[in-house]
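First comes the structure, then the notes that go with it.
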Amino acid sequence: MIHGKQLVTVENLKNGRGELHPVQQAMVETNGSQCGYCTPGFVMSLFSLYKNKNNPSREEIDDSLTGNLCRCTGYKPIVEAAATACVHHGMDEFSEHQPHIATLLKSIPRESLQLQTGEQLYLRPTKLSEALSLVRLHPDAFVISGATDVALRVTKKHEILKEIIDLSGIDELKSVSDKSDVLTIGAGTSLSDAMVSLRIEFPALFYMLSVFGSQQIRNIATFGGNLGTASPIGDTLPVLMAYNAKVNLSSSSKRREVPLDEFVVGYRKTVRRPDELITAVVLPKMKNGTIVKSYKVSKRKDLDISTVSGGFRLDLDENNVVENIKLAYGGMAETTKRASKAETFFVGKAWHREIVEEAMALVGREFSPISDARSGAEFRSVAARNLLLKFWYETAK
Ligand SMILES: Cc1cc2nc3c(=O)[nH]c(=O)nc-3n(C[C@H](O)[C@H](O)[C@H](O)COP(=O)(O)OP(=O)(O)OC[C@H]3O[C@@H](n4cnc5c(N)ncnc54)[C@H](O)[C@@H]3O)c2cc1C
Numbered sequence: 028m029i030h031g032k033q034l035v036t037v038e039n040l041k042n043g044r045g046e047l048h049p050v051q052q053a054m055v056e057t058n059g060s061q062c063g064y065c066t067p068g069f070v071m072s073l074f075s076l077y078k079n080k081n082n083p084s085r086e087e088i089d090d091s092l093t094g095n096l097c098r099c100t101g102y103k104p105i106v107e108a109a110a111t112a113c114v115h116h117g118m119d120e121f122s123e124h125q126p127h128i129a130t131l132l133k134s135i136p137r138e139s140l141q142l143q144t145g146e147q148l149y150l151r152p153t154k155l156s157e158a159l160s161l162v163r164l165h166p167d168a169f170v171i172s173g174a175t176d177v178a179l180r181v182t183k184k185h186e187i188l189k190e191i192i193d194l195s196g197i198d199e200l201k202s203v204s205d206k207s208d209v210l211t212i213g214a215g216t217s218l219s220d221a222m223v224s225l226r227i228e229f230p231a232l233f234y235m236l237s238v239f240g241s242q243q244i245r246n247i248a249t250f251g252g253n254l255g256t257a258s259p260i261g262d263t264l265p266v267l268m269a270y271n272a273k274v275n276l277s278s279s280s281k282r283r284e285v286p287l288d289e290f291v292v293g294y295r296k297t298v299r300r301p302d303e304l305i306t307a308v309v310l311p312k313m314k315n316g317t318i319v320k321s322y323k324v325s326k327r328k329d330l331d332i333s334t335v336s337g338g339f340r341l342d343l344d345e346n347n348v349v350e351n352i353k354l355a356y357g358g359m360a361e362t363t364k365r366a367s368k369a370e371t372f373f374v375g376k377a378w379h380r381e382i383v384e385e386a387m388a389l390v391g392r393e394f395s396p397i398s399d400a401r402s403g404a405e406f407r408s409v410a411a412r413n414l415l416l417k418f419w420y421e422t423a424k
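What follows is the structure, given as structure tokens:
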């Protein structure tokens with residue numbers, strides 16, 4: 028996957044005279060390293076911050092460090108190192124070799140790639156039509172976009188993936204189209220890139236992505252990949268359901284659009300046929316007055332998987348009566364699932380706390396969540412009910 032890219036390692040950060048990079052020097056000066064185990068990772072995250080931001084805000088510093096865990100030094104001196112080192116003007120000597128590298132990188136032709144070793148076949152097409160032919164020809168291949176999910180098979184289970192079709196070289200899958208009535212996000216758009224278009228008109232999805240993994244994950248993880256996992260704790264599914272999103276699927280011969288409510292059909296199972304690829308997510312724009320909110324309950328804010336999540340949608344009439352409501356939950360069943368009994372119960376009733384409390388009891392009866400490493404079933408059930416109360420609390424007039 029790094030073909031055509033530059034890989035910078037921590038060993039490579041010193042300059043020609045053997046002097047530490049400013050972020051390394053700042054880590055020394057602020058006592059940002061204690062046992063040293065996490066230090067190379069932190070240094071690389073600071074290096075990335077240094078390259079991308081000049082004089083970053085505290086929020087930007089914190090966000091840049093969410094993918095790294097420190098368990099002994101504490102974050103205060105590391106944040107201090109970031110604030111001291113990442114103030115610079117123009118190019119410094121640590122960047123001067125970059126134009127040369129950029130030229131070299133640009134000289135690598137951007138064409139389809141096929142790597143065959145004794146054990147593995149890696150295919151990276153550059154056109155969607157080519158990718159669609161490849162999935163037909165290699166029905167057992169692993170399709171990857173960012174590979175943040177699939178790669179765990181390699182790093183955790185030590186599997187050898189025999190055939191891989193990597194979609195990350197296809198620009199057609201990375202486009203975002205903003206029309207007056209819909210926003211269409213290509214399935215290969217990274218979550219970080221998509222966030223730019225979501226902040227104003229789809230704030231509940233923007234919020235969900237801001238607590239999705241860490242910046243490193245969001246920079247390569249995609250919508251296609253999150254939907255492709257069909258994970259019951261996938262973070263985008265409940266909120267995309269609340270936005271009435273649709274999924275575009277294509278094969279060599281046909282294109283179709285499937286409402287997200289109908290996309291997942293079982294535990295990690297979707298309606299996608301083996302010869303199809305997810306090509307885009309379509310988000311209809313909302314009419315004035317419709318409220319959509321999303322919630323993620325996890326053990327910590329960043330870099331954690333949901334214990335329970337919710338994507339809720341509400342339309343009230345002028346008398347504060349519920350016209351439409353959608354309550355989609357993650358982490359409560361083997362798929363993302365709507366609390367359909369509570370939804371039916373609400374329609375035509377006043378958006379009052381007593382009604383909400385009755386609906387909370389229905390939510391409690393509608394799901395039979397499991398206990399696992401993240402939480403007990405009882406906690407999940409209470410959290411799901413309370414998310415509904417929170418939704419009411421945040422939206423009641
Ligand atoms: C450290 C870490 C933190 C994480 N945090 C979160 C989190 O907070 N919330 C969360 O929901 N997930 C999280 N994940 C899981 C993962 O990052 C997401 O599911 C991500 O969206 C996957 O996207 P990807 O492009 O990397 O998918 P990939 O790994 O490339 O693919 C995932 C699946 O989707 C399929 N697929 C990919 N693209 C397509 C396509 N265009 N058409 C058809 N099928 C396709 C693949 O075949 C595969 O089955 C985390 C993972 C890691 C490693």
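Numbering (the numbering used here) for the sequence shown: 28 to 424.
C-beta atoms are modelled at their ideal positions from N, C-alpha and C, and glycine is treated no differently.
Taking the alpha carbon of His48 as the reference point, which residue from Pro67, His30 and Ala214 has its own alpha carbon closest? Locating residue 48 in the sequence shown gives position 21, where the first residue counts as 1. Of Pro67, His30 and Ala214, the residue nearest in Cα terms is Pro67.
Less than 9 Å between the beta carbons of Ala355 and Phe339, yes or no? In the sequence shown, counting from the first residue as 1, residue 355 sits at position 328. In the sequence shown, counting from the first residue as 1, residue 339 sits at position 312. A contact, by the Cβ cut-off of 9 Å.
Taking only three categories from DSSP, how would you classify Phe233? One-based indexing of the sequence shown puts residue 233 at position 206. Phe233: helix per DSSP, three-state reduction.
Look up Glu284 in the DSSP assignment and give the residues it is bridged to. Within the sequence shown, residue 284 is the residue found at index 257, counting from 1. Answer is Asn275, bridged to Glu284.
Taking the straight line between their C-alpha atoms, what separation do you get for Val319 and Ile88? In the sequence shown, counting from the first residue as 1, residue 319 sits at position 292. In the sequence shown, counting from the first residue as 1, residue 88 sits at position 61. Approximately 29 Å between the Cα atoms of the pair.
Among Gln33, Val292, Met387 and Leu142, which residue has its Cα nearest to the Cα of Ala430? Since the displayed the chain opens at 28 and closes at 424, residue 430 lies outside it and no answer follows.
Please report the straight-line C-alpha distance between Lys364 and Met387, rounded to a whole angstrom. The residue you call residue 364 lines up with position 337 of the sequence shown. The residue you call residue 387 lines up with position 360 of the sequence shown. C-alpha separation (whole angstroms): 15 Å.
Close Cβ partners of Arg412 (< 6 Å) along its chain, the five nearest in sequence each way excluded: For this step, residue 412 is matched to residue 385 along the sequence shown. Here the set comprises Met387, Val390 and Gly391.
Would you call Val114 buried or exposed, if buried means 16 or more other Cβ atoms sit within 10 Å of its Cβ? Against the sequence shown, residue 114 aligns to sequence position 87. It counts as exposed.
Taking contact to mean 3 or more Cβ pairs, one atom from each stretch, closer than 8 Å, check whether the region 298-318 and the region 234-243 are in contact. no
Exposure of Gln33, with buried meaning 16 or more beta-carbon neighbours within 10 Å: Looking up residue 33 in the sequence shown gives position 6. Exposed, by the Cβ-count rule.
Is the closest heavy atom of ligand 1 to the C-beta of Thr93 under 8 Å? For the purposes of this step, residue 93 is taken as the residue at position 66 of the sequence shown. No; taking the cut-off as 8 Å, the Cβ of Thr93 has no heavy atom of ligand 1 nearer than that.
Short of 7 Å in beta carbon distance, which residues of its chain neighbour Gly145, apart from the five on each side in sequence? Order them along the chain. Here the question's residue 145 lines up with position 118 in the sequence shown. Result list for Gly145: empty, nothing under 7 Å.
Quick check: is any heavy atom of ligand 1 less than 8 Å from the C-beta of Ala410? As a first step, residue 410 must be located in the sequence shown, where it is residue number 383. Not a single heavy atom of ligand 1 lies less than 8 Å from the C-beta of Ala410.
Between which two residues does the alpha helix (DSSP H) carrying Asn351 extend? On the sequence shown, position 324 is the one that residue 351 refers to. Not the alpha helix (DSSP H): Asn351 falls in the beta strand (DSSP E), residues Val349 to Gly357.
Where are the alpha helix (DSSP H) runs, 4 residues long or more, that stay fully inside the region 151-197, in chain order? 155-164 and 179-182
Can you determine whether any heavy atom of ligand 1 sits closer than 8 Å to the C-beta of Thr263, and answer yes or no? Against the sequence shown, residue 263 aligns to sequence position 236. Yes, the Cβ of Thr263 comes within 8 Å of a heavy atom of ligand 1.
Leaving out five residues before and five after Lys80 in sequence, what residues of the same chain have Cβ atoms less than 7 Å from its Cβ? Start at 1 with the first residue of the sequence shown, and residue 80 comes out as number 53. Apart from the 5 residues on each side of it in sequence, Lys80 sits with its Cβ closer than 7 Å to the Cβ of Glu87 and Cys113 in its chain, given in chain order.
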